[in-house]
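J.:
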Amino acid sequence: MPQGKPVSVPDDGLTTRQRRNRPLLIVHTGPGKGKSTAAFGMALRAWNQGWPIGVFQFVKSAKWRIGEERALRVLGESGEGGSVAWHKMGEGWSWIRRPGAEDDHAENAREGWAQIKRDLAAETYRFYVLDEFTYPLKWGWLDLAEVVETLTGRPGDQHVVITGRDAPDRLVEVADLVTEMGKVKHPMDAGQKGQRGIEW
């Protein structure tokens with residue numbers, strides 16, 4: 001496997017091994033398709049390393065049966081890699097805000113974040129996917145300063161991947177790895193809805 005070469009090496013007192021193995025805060029954002037898919041691909045790598053994985057879905061409906069969920073649950077139960085826990089916030093909701101339902105959704109998001117804080121403090125998982133987590137931040141349902149403080153101060157060797165459009169500037173600033181997915185073309189632009197095997 002090719003060795004990556006850092007552009008610069010900080011004078012932080014860490015050894016090469018310590019710096020290489022420090023836990024990362026990762027953000028997948030932007031208008032293009034593939035943010036969650038990329039995060040779940042990373043979760044597969046974490047599973048292969050035997051790391052416990054916690055997935056927290058903040059927007060996708062609890063009724064949706066997405067392919068990554070089934071695959072990761074089966075792998076988690078196989079006993080060959082890491083364990084997998086999959087959490088959906090409340091009954092789930094769409095990123096399209098519906099009148100009258102916002103208070104319930106905001107409360108579900110706050111409950112989900114409270115659980116993540118407990119798990120981070122207890123070091124429950126080694127790899128976290130906070131799927132569509134940028135939306136409760138964008139809508140003001142969660143306190144951004146508290147989220148940033150909790151994530152940057154998390155103990156141990158816990159990697160966190162956050163997905164969703166419009167990641168707040170402060171989150172992007174403190175993250176170790178940020179990828180912005182751009183959109184060139186999408187079938188929805190031509191009136192085609194999502195389909196099996198592609199979107200779920």
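Every letter in the sequence shown is one number past the one before it in UniProt numbering, and letter 13, counting from 1, is 13.
In this text, a Cβ means the ideal position worked out from N, Cα and C, and glycines have one as well.
Helix, strand or coil for V184, going by three-state DSSP, please let me know.
T.: Position 184 of the sequence shown holds residue 184. Correct three-state label for V184: coil.
J.: In the structure shown, what three-state DSSP assignment does V84 receive?
T.: Along the sequence shown, read from residue 1 onward, the residue named residue 84 stands at position 84. DSSP places V84 in strand when its eight states are reduced to three.
J.: Which residues does DSSP pair with F56 in a beta bridge?
T.: Here the question's residue 56 lines up with position 56 in the sequence shown. Bridge partners of F56: H87 and L130.
J.: How about V160 and L151: are their beta carbons less than 8 Å apart?
T.: Taking the first residue of the sequence shown as 1, we reach residue 160 at position 160. Taking the first residue of the sequence shown as 1, we reach residue 151 at position 151. Yes; because the gap between Cβ atoms is below 8 Å, this pair is in contact.
J.: Can you find the residues in the same chain that come closer than 7 Å, C-beta to C-beta, to residue 205, ignoring five residues on each side of it along the sequence?
T.: Residue 205 is absent from the structure shown; the chain starts at 1 and stops at 200.
J.: Which residues share a DSSP beta bridge with H28?
T.: Looking up residue 28 in the sequence shown gives position 28. DSSP, once it has assigned bridges, lists T163 and T179 as partnering H28.
J.: Taking the alpha carbon of A46 as the point to measure from, which residue in G34, G140, G30 and Q158 has its own alpha carbon closest?
T.: Locating residue 46 in the sequence shown gives position 46, where the first residue counts as 1. Among G34, G140, G30 and Q158, the Cα nearest to that of A46 is on Q158.
J.: Note the first and the last residue of the continuous alpha helix (DSSP H) segment covering G67.
T.: Here residue 67 refers to the residue found at position 67 of the sequence shown. G67 to E77 is the span of the alpha helix (DSSP H), which, as asked, contains G67.
J.: Which value, in whole angstroms, describes the spacing of the CA atoms of residue 205 and K138?
T.: The chain is shown from 1 up to 200; residue 205 falls before or after that span and cannot be answered.
J.: In three-state terms, what does DSSP make of G112?
T.: Taking the first residue of the sequence shown as 1, we reach residue 112 at position 112. The answer is helix: DSSP assigns G112 an H, G or I state.
J.: Could you check if K185 is buried or exposed, using at least 16 other CB atoms within 10 Å of its CB as the buried criterion?
T.: Against the sequence shown, residue 185 aligns to sequence position 185. The residue in question, K185, is exposed, as its Cβ has fewer than 16 Cβ neighbours within 10 Å.
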